[in-house]
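Chemist: Provided herewith is a single structure, encoded as structure tokens, for subsequent inquiry.
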Amino acid sequence: MTAADLVFRDFEPADAASVTELWQECGLTRPWNDPVKDIERKLTDRNGAFWVVCRGSAVIASVMIGYDGHRGTINYLAIAPAFQRSGVGAELMRRAEAFLVDIGCPKVSFCVRKDNHAVLSFYDRLGYAADDVHFLGKRLIPDE
Numbered sequence: 045m046t047a048a049d050l051v052f053r054d055f056e057p058a059d060a061a062s063v064t065e066l067w068q069e070c071g072l073t074r075p076w077n078d079p080v081k082d083i084e085r086k087l088t089d090r091n092g093a094f095w096v097v098c099r100g101s102a103v104i105a106s107v108m109i110g111y112d113g114h115r116g117t118i119n120y121l122a123i124a125p126a127f128q129r130s131g132v133g134a135e136l137m138r139r140a141e142a143f144l145v146d147i148g149c150p151k152v153s154f155c156v157r158k159d160n161h162a163v164l165s166f167y168d169r170l171g172y173a174a175d176d177v178h179f180l181g182k183r184l185i186p187d188e
């Protein structure tokens with residue numbers, strides 16, 4: 045695989061089924077989060093980006109990027125298992141960071157499940173470290 049084989053582009057509504065399948069394949073979905081609703085909500089958000097990476101007609105990676113004026117966020121960074129450790133994830137993060145810098149974002153934060161050691165190692169190699177904070181959450185609208 046060469047970089048010429050890959051297309052980095054904005055998410056399009058026609059990608060929804062492929063993207064949700066990718067997220068499921070990568071273990072990113074949970075019963076209490078409806079990925080289709082997450083996509084619908086992201087498409088109404090104008091403070092970030094939602095990208096996919098394609099090889100031919102296949103969606104092989106995705107990332108959602110947000111910015112609230114204080115910090116950027118990364119969600120749903122997913123790389124198809126066959127393309128993990130190929131550099132696609134690192135390139136997608138490099139582009140996400142550049143996007144955030146270009147819009148004036150001073151810091152990026154995101155969540156990784158504690159037991160996801162492979163992903164924690166990936167982010168460590170990219171220069172990320174755990175912040176000394178507690179991440180709190182509260183469901184406001186159930187995805188039923």
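Using my numbering, read the sequence shown as starting at 45 and increasing by one per residue. Ideal placement from N, C-alpha and C gives every residue a C-beta, glycine not left out.
Hey, Ala105 and Val132: beta-carbon distance below 7 Å or not?
Modeler: Your numbering for residue 105 matches position 61 in the sequence shown. Your numbering for residue 132 matches position 88 in the sequence shown. Taking 7 Å as the Cβ cut-off, Ala105 and Val132 qualify as a contacting pair.
Chemist: Is the region 51-59 touching the region 95-104 in the sense that three or more CB pairs, one from each, lie closer than 8 Å?
Modeler: Cβ pair count under 8 Å is three or more, so yes.
Chemist: According to DSSP, simplified to helix, strand and coil, what is Val145?
Modeler: In the sequence shown, counting from the first residue as 1, residue 145 sits at position 101. Correct three-state label for Val145: helix.
Chemist: Please report the straight-line C-alpha distance between Asp175 and Phe143, rounded to a whole angstrom.
Modeler: The sequence position of residue 175 within the sequence shown is 131, counting from 1. The sequence position of residue 143 within the sequence shown is 99, counting from 1. Cα-Cα distance, rounded: 22 Å.
Chemist: Closer than 6 Å by C-beta to Lys151: which residues in its own chain qualify, once you throw out the five before and the five after it? Chain order, please.
Modeler: Translated into the one-based positions of the sequence shown, residue 151 becomes position 107. Hits under 6 Å: Arg115.
Chemist: Note the first and the last residue of the continuous alpha helix (DSSP H) segment covering Phe166.
Modeler: On the sequence shown, residue 166 is found 122 positions in, with the first residue counted as 1. From DSSP, the alpha helix (DSSP H) with Phe166 extends over 161-169.
Chemist: Tell me the rounded alpha-carbon separation between Asp82 and Ala48.
Modeler: The residue you call residue 82 lines up with position 38 of the sequence shown. The residue you call residue 48 lines up with position 4 of the sequence shown. Between Asp82 and Ala48, the C-alpha separation is close to 30 Å.
Chemist: With DSSP collapsed to three states, give me the class of Phe154.
Modeler: As a position in the sequence shown, residue 154 is number 110, starting the count at 1. Looking at Phe154 - three-state DSSP - the assignment turns out to be coil, as it is neither helix nor strand.
Chemist: Where do the N-terminal and C-terminal ends of the alpha helix (DSSP H) with Trp67 fall, by residue?
Modeler: Your numbering for residue 67 matches position 23 in the sequence shown. From DSSP, the alpha helix (DSSP H) with Trp67 extends over 60-69.
Chemist: Check whether the Cβ atoms of Ile118 and Phe154 lie closer than 7 Å to each other.
Modeler: Taking the first residue of the sequence shown as 1, we reach residue 118 at position 74. Taking the first residue of the sequence shown as 1, we reach residue 154 at position 110. Yes, they are a contact pair.
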